[in-house]
Amino acid sequence: MSARSYIIDDRERKTFLLDREVLVSEDILRKEMAHIFGRCWIYVGHASELKAPGDFRSRKVAGRPVIFCRDQAGEFHCLFNTCRHRGAIVCTQREGNARRFMCIYHGWTYGNDGQLLRVPGDDAYFEAFDKAAHGLRRPARFEDYRGFWFMCLDPDASPLHDYLAEAKDYIDLVIDQSPSGQMEIIAGVQEYDVAANWKLMVENSVDDYHLPSTHSTWLNFMANSGVKIEPPPKEAGLVLPTKGLAVELGNGHFTTDNVNFRGRPVAKWIPLYGEAAKAEIADIRSELVGRLGAERASRVADTNRNLVIFPNLVINDGSSVTVRTFYPEGVGRMHVTAWALGPVEESENARARRLDAFLTFYGPGGFATPDDVEALELVQQGLANWSEDRWSEMSRGMGKEGEQLNSDEHHLRIFWRRWNELMGAEA
Amino acid sequence: MTAPVAPKDLVTRAQVEDFLYHEAALLDEWQLEAWQELLTDDACYYVPSNDQPESDHRRALFLIADDRERIRQRIIRVQDPNCHAEYPKSRTRRIIGNVRILGVEGDLIGVAANFVCYRFRRYERIREYVGSYRYLLRRSGDSFRIKERRVLIDAHELGTLGSVSFIL
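For the record, the sequence lines run as chains Y and C.
The opening position of the first sequence corresponds to residue 6 in the numbering used here, with each subsequent residue numbered one higher.
The opening position of the second sequence corresponds to residue 9 in the numbering used here, with each subsequent residue numbered one higher.
Spelled out as structure tokens, the structure:
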């Protein structure tokens, strides 16, 4: 017997409804741990965060404490940050460089490749105790795509490369900003909670329908800064100054793909950047054209894209590039971790401009994100009435053939259909 | 030989404290136009990311890195009823202590102070922002103006504090 469906996906009547219980139920959250976070590829970190052998970052990935590190030979590892002896965290530093991780409880010591090196008083153990079998455990799978490292707890999962499907093309578009094809995570991480179910952040990250109402103060700021905010093009459903699409990428991944009006550090000047930046942005632009050709360069520079890698990685290549992941802390709260990403060869001024552009929109002190957070928290508060007011309406644009718009809800439906399927429900 | 410091050039902690208390009152009362008048024309306002308290905003991602124009825009934004994160406005109450004059150079005075800023929103538990303020003050008549205002939050992550959608 299959589980009941969490969605009503009526293609004949062009109606899509979501059962709000999925945003409030502890039982469903527990099931997600197994069916979603236990089976999907989950983002761990970026290669640029570990520049040298021995570099490590300790963090939580899908709620699990891990050490993301490189061994002495430079190989990347993702190790569970849990001592094999009695279970304590073995790496307590946020980041650093170390050959060994020693558990402070009884002194069991592991190499930065996870091997168990030292057990104090090991003559008290019998022959059956095999040190080689007591290295730090690790997720079943750990693979990267062009420096983006993911883990998967399911040994039978398809390779990351296949899992990412067409999302790879959009990751490539981000990486193409760098002349050498190397992007790096910039120092400074934004870690903040949102008192809302984690799936609401997925929706919000690609939902361009909300922009005029949630972010009117940001649009106002852009206008005050000399950016022209045109009325939307005359096409049903558009709400932003330029046209944008919602694109399905396979395996539950999707992106918006918008003609840019808001400027891009790579490489579309807006008055906000200042006159002095014009020349350098023109140089960045001509490097793009020289390397990629005019068409691809325009694709990189003149479009902005909010990409969701199912289930919980978002790369917003918009006012700047942010890599953002989030994980539930209970049914009504999530932890968000957000980084800025930039080309390794960026000049000091270009880097400063990128970081400044980031803050015009994103993050806990940005001119837009706090209002997103407010919107999601208001949803979560409103959901207290879920049992009497059960369904969220997500049919926008459903009747449309072909091209789907960024301000429709097609891409949100992609997420929910995939989620519903993985949760073992029948559509 | 350095000339003896004339009394009129002395800066006392009490003067600085009076100024900081006045600023705190303006912020807690949301008198942001009056607060802006405390700023120099080249004033900056920084809140570094929690893991990079001592970094440079041109090299590291901050939570806030405003120049004077951005501060002006921030104030337009937070006073707009469409700034949903601050409408209805948070109630804040800040307690400032351990005020220290770190150094005086010309007409600039380096100041550090500890703060606790309590933030209240409807139906919410109290949020406590704890940290230190670092100021560069410029003498201005009998008082000061703020040239740089840096807010270092002690929490390792912003976490349950959520956002810095008001002037911290």
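From the three backbone atoms N, C-alpha and C, an ideal C-beta is built for every residue, glycine too.
All figures in this text were calculated on a predicted structure; none of them were measured in a lab.
Beta-carbon proximity list for residue i, same chain, < 8 angstroms, skipping 5 on both sides
{"i": "Gly260 of chain Y", "result": "The identity of residue 260 of chain Y in the sequence shown is Thr, whereas the question assumes Gly. The residues are Ala172, Tyr175, Val211, Ala251, Val252, Leu254, Arg310, Asn311, Leu312, Val313, His416."}
{"i": "Asn263 of chain Y", "result": "Asp213, Leu245, Thr247, Lys248, Gly249, Leu250, Thr308, Asn309, Arg310, Asn411"}
{"i": "Asp115 of chain C", "result": "Arg146, Arg147"}
{"i": "Pro375 of chain Y", "result": "Pro369"}
{"i": "Glu196 of chain Y", "result": "His340, Val341, Thr342, Ala343"}
{"i": "Asp177 of chain Y", "result": "Arg151"}
{"i": "Ser53 of chain Y", "result": "Gly152, Gln187, Met188, Glu189, Ile190, Val349"}
Distance, residue j Cα to residue i Cα
{"i": "Ala103 of chain Y", "j": "Leu28 of chain C", "result": "44 angstroms"}
{"i": "Ala51 of chain C", "j": "Ser10 of chain Y", "result": "56 angstroms"}
{"i": "Lys3 of chain Y", "j": "Leu360 of chain Y", "result": "It is not possible to answer for residue 3 of chain Y, since the shown part of chain Y is limited to 6 through 432."}
{"i": "Leu34 of chain Y", "j": "Trp396 of chain Y", "result": "18 angstroms"}
{"i": "Met6 of chain Y", "j": "Leu427 of chain Y", "result": "Annotation note: pLDDT 42 at Met6 of chain Y (below 50); position unreliable, coordinate value reported separately. Cα to Cα, Met6 of chain Y sits roughly 15 angstroms from Leu427 of chain Y."}
{"i": "Leu297 of chain Y", "j": "Arg290 of chain Y", "result": "10 angstroms"}
{"i": "Val112 of chain C", "j": "Gly118 of chain C", "result": "6 angstroms"}
{"i": "Ile419 of chain Y", "j": "Trp46 of chain Y", "result": "17 angstroms"}
{"i": "Ser30 of chain Y", "j": "Ser140 of chain C", "result": "40 angstroms"}
{"i": "Trp364 of chain Y", "j": "Gly79 of chain Y", "result": "Here the sequence assigns Leu to residue 364 of chain Y, which means Trp is not the residue at that position. Near 34 angstroms, if we compare the C-alpha coordinates of Gly79 of chain Y and Leu364 of chain Y."}
{"i": "Ala14 of chain C", "j": "Arg147 of chain C", "result": "Only weak support is given to the placement of Ala14 of chain C: the predicted model assigns it a pLDDT of 48, under 50, and the value that follows is read from those uncertain coordinates. Between Ala14 of chain C and Arg147 of chain C, the C-alpha separation is close to 15 angstroms."}
{"i": "Asn229 of chain Y", "j": "Val328 of chain Y", "result": "28 angstroms"}
{"i": "Asp161 of chain Y", "j": "Leu205 of chain Y", "result": "29 angstroms"}
{"i": "Asn202 of chain Y", "j": "Ser63 of chain C", "result": "33 angstroms"}
{"i": "Leu46 of chain C", "j": "Lys239 of chain Y", "result": "47 angstroms"}
{"i": "Cys74 of chain Y", "j": "Gly186 of chain Y", "result": "22 angstroms"}
{"i": "Val159 of chain C", "j": "Val349 of chain Y", "result": "29 angstroms"}
{"i": "Val194 of chain Y", "j": "Leu169 of chain C", "result": "15 angstroms"}
{"i": "Leu169 of chain Y", "j": "Trp43 of chain C", "result": "50 angstroms"}
{"i": "Glu100 of chain Y", "j": "Asp60 of chain Y", "result": "8 angstroms"}
{"i": "Gln23 of chain C", "j": "Leu110 of chain C", "result": "14 angstroms"}
{"i": "Lys97 of chain C", "j": "Asp118 of chain Y", "result": "51 angstroms"}
{"i": "Gly337 of chain Y", "j": "Ala380 of chain Y", "result": "14 angstroms"}
{"i": "Tyr48 of chain Y", "j": "Pro270 of chain Y", "result": "25 angstroms"}
{"i": "Asp14 of chain Y", "j": "Gly116 of chain Y", "result": "51 angstroms"}
{"i": "Asp181 of chain Y", "j": "Val305 of chain Y", "result": "7 angstroms"}
{"i": "Met9 of chain C", "j": "Ala373 of chain Y", "result": "In this prediction, Met9 of chain C scores a pLDDT of 48, lower than 50, which makes its location untrustworthy; no coordinate-derived value is stated."}
{"i": "Pro276 of chain Y", "j": "Ile286 of chain Y", "result": "12 angstroms"}
{"i": "Gln393 of chain Y", "j": "Met403 of chain Y", "result": "For the sequence presented, residue 393 of chain Y should be read as Glu rather than Gln. Roughly 26 angstroms between the two C-alpha positions."}
{"i": "Leu243 of chain Y", "j": "Val86 of chain C", "result": "27 angstroms"}
{"i": "Arg422 of chain Y", "j": "Ala138 of chain Y", "result": "41 angstroms"}
{"i": "Thr20 of chain Y", "j": "Ser400 of chain Y", "result": "5 angstroms"}
Beta bridge counterpart(s) of residue i as assigned by DSSP
{"i": "Val313 of chain Y", "result": "Y:Phe259, Y:Val319"}
{"i": "Ala39 of chain Y", "result": "According to DSSP, which records beta bridges pairwise, Ala39 of chain Y is partnered with nothing at all."}
{"i": "Tyr141 of chain C", "result": "C:Ala121, C:Val159"}
{"i": "Phe73 of chain Y", "result": "Y:Arg62, Y:Cys83"}
{"i": "His51 of chain Y", "result": "Y:Phe153"}
{"i": "His340 of chain Y", "result": "Y:Asp198, Y:Tyr332"}
{"i": "Leu116 of chain C", "result": "C:Glu113, C:Arg146"}
{"i": "Lys405 of chain Y", "result": "DSSP lists no partner for Lys405 of chain Y."}
{"i": "Val326 of chain Y", "result": "Y:Asp322"}
{"i": "Leu2 of chain Y", "result": "Residue 2 of chain Y falls outside the range modelled here, since chain Y spans only 6 to 432, and no answer is possible."}
Spatial neighbours of residue i in its chain, beta-carbon cut-off 7 angstroms, leaving aside the 5 residues before and after
{"i": "Tyr95 of chain C", "result": "Pro89"}
{"i": "Asn58 of chain C", "result": "Ile161, Ala163, His164, Glu165, Leu166"}
{"i": "Leu388 of chain Y", "result": "Arg25, Leu28, Val29"}
{"i": "Asn86 of chain Y", "result": "Ser63, Pro70, Val71, Ile72, Ile94, Val95, Cys96"}
{"i": "Gln386 of chain Y", "result": "none"}
{"i": "Thr48 of chain C", "result": "Arg146, Arg153, Ile154, Lys155"}
{"i": "Asn425 of chain Y", "result": "Ser10, Tyr11, Ile12, Ala432"}
Close beta carbons around residue i, own chain, < 6 angstroms, minus the five adjacent residues each side
{"i": "Ile191 of chain Y", "result": "Ala345, Gly347"}
{"i": "Gln60 of chain C", "result": "Ala68"}
{"i": "Glu156 of chain C", "result": "Cys52, Leu144"}
{"i": "Ala32 of chain C", "result": "Arg102, Ile104"}
{"i": "Arg142 of chain C", "result": "Ala120, Arg158"}
Positions along the stretch 339-350 of chain Y whose CB lies within less than 8 angstroms of some CB in chain C:
His340, Trp344, Ala345
Please identify, using Cβ separations under 9 angstroms, the residues of the stretch 43-62 of chain C that lie next to chain Y, in order along the chain.
Val55, Pro56, Ser57, Asn58, Asp59, Gln60
Identify each residue in the stretch 87-100 of chain C for which the Cβ-Cβ distance to at least one residue of chain Y is less than 9 angstroms, and report them in chain order.
Asp88, Asn90, Cys91, His92, Ala93, Glu94, Tyr95
Any 3 or more C-beta pairs closer than 8 angstroms across the stretch 330-342 of chain Y and the stretch 33-49 of chain Y:
yes
Does the stretch 18-34 of chain C come into contact with the stretch 62-78 of chain C, if we say contact requires no fewer than three beta-carbon pairs (one atom in each stretch) closer than 8 angstroms?
no
Any contact of the stretch 120-132 of chain Y with the stretch 59-74 of chain Y, i.e. 3+ C-beta pairs under 8 angstroms?
no
For the 8 angstroms Cβ check, are there 3 or more pairs between the stretch 74-83 of chain C and the stretch 101-108 of chain C?
no
Does the stretch 138-156 of chain Y come into contact with the stretch 230-238 of chain Y, if we say contact requires no fewer than three beta-carbon pairs (one atom in each stretch) closer than 8 angstroms?
no
Please identify, using Cβ separations under 8 angstroms, the residues of the stretch 193-217 of chain Y that lie next to chain C, in order along the chain.
Gly193, Val194, Gln195, Glu196, Tyr197, Asp198, Val199, Ala200
For the stretch 268-280 of chain Y, which residues have a CB atom closer than 9 angstroms to at least one CB atom of chain C, in sequence order?
none
Touch check for the stretch 133-141 of chain Y and the stretch 216-226 of chain Y: three-plus C-beta pairs under 8 angstroms?
no
For the stretch 147-170 of chain C, which residues have a CB atom closer than 9 angstroms to at least one CB atom of chain Y, in sequence order?
His164, Glu165, Leu166, Gly167, Thr168, Leu169, Gly170
Residues in the stretch 110-140 of chain Y having any Cβ partner in chain C nearer than 7 angstroms:
none
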